[in-house]
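Counting the sequence shown from 1 gives a position; our numbering is that position plus 17.
These notes concern the structure reproduced below.
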Amino acid sequence: MAGNDPLSDALGGLDNAESVGHLDYTVQPASNIVGSILEVLYDRGYVDGFEFVEDGKAGRFEVELKGAINECGAVKPRYSVGADGYERWEKRYLPARDYGALIVTTSHGVMSHYEAREKGIGGQVIAYVY
18 MAGNDPLSDA
28 LGGLDNAESV
38 GHLDYTVQPA
48 SNIVGSILEV
58 LYDRGYVDGF
68 EFVEDGKAGR
78 FEVELKGAIN
88 ECGAVKPRYS
98 VGADGYERWE
108 KRYLPARDYG
118 ALIVTTSHGV
128 MSHYEAREKG
138 IGGQVIAYVY
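Here it is in structure tokens:
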């Protein structure tokens, strides 16, 4: 039985696989938002790589884990944040300043809150990782 939130299922599965020491994890079904979040995780150094595999259905992502994720998860409900309001959500979801990242969706795409703050744009907080 599939869950109702593919993003939450994917991040929960990554978190569980990391905590038991697996070196790879399959995210299924694949979606554009999950792919964008995996790209941010790769850019920030939390995963070694990932690959989309077409299986005739929705597809899947094969993710190579690095052992760098302590915790990750989806943020529900999706909170809107202004360009100067990231500190409030850092305090809520991250254990310390400059440790971990919030993942936000903006009009310029999915990115970490560091990148969004640098560009001066707001968006919606959809996930966190540290």
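Every residue, glycine too, gets a C-beta built ideally from N, C-alpha and C.
Q: Look at I86 and Y147 and say whether their C-beta atoms are less than 9 Å apart.
A: What you label residue 86 is simply residue 69 of the sequence shown in a count that begins at 1. What you label residue 147 is simply residue 130 of the sequence shown in a count that begins at 1. Cβ atoms of I86 and Y147: closer than 9 Å.
Q. If we ignore side chains and look at the alpha-carbon of each, how far apart do V166 and E88 end up?
A. Past the boundaries of the shown model lies residue 166; the chain is included only from 18 to 147, so the question cannot be answered.
Q. Is the stretch 100–120 touching the stretch 128–136, taking contact as three or more C-beta pairs under 8 Å?
A. yes
**Q.** Neighbourhood of G30 by C-beta distance below 7 Å, restricted to the same chain and skipping five residues each side
**A.** Counting from one through the sequence shown, the residue named residue 30 turns up at place 13. Y42, V44.
(Q) Measuring alpha carbon to alpha carbon, tell me which residue in A75, G84, I120 is nearest S7. (A) Any question about residue 7 goes unanswered here, given that the chain covers just 18 to 147.
Q. If you check the beta carbons only, do Y3 and V142 fall under 9 Å apart?
A. The structure shown does not extend to residue 3, since the chain spans only 18 to 147, so no value can be given for it.
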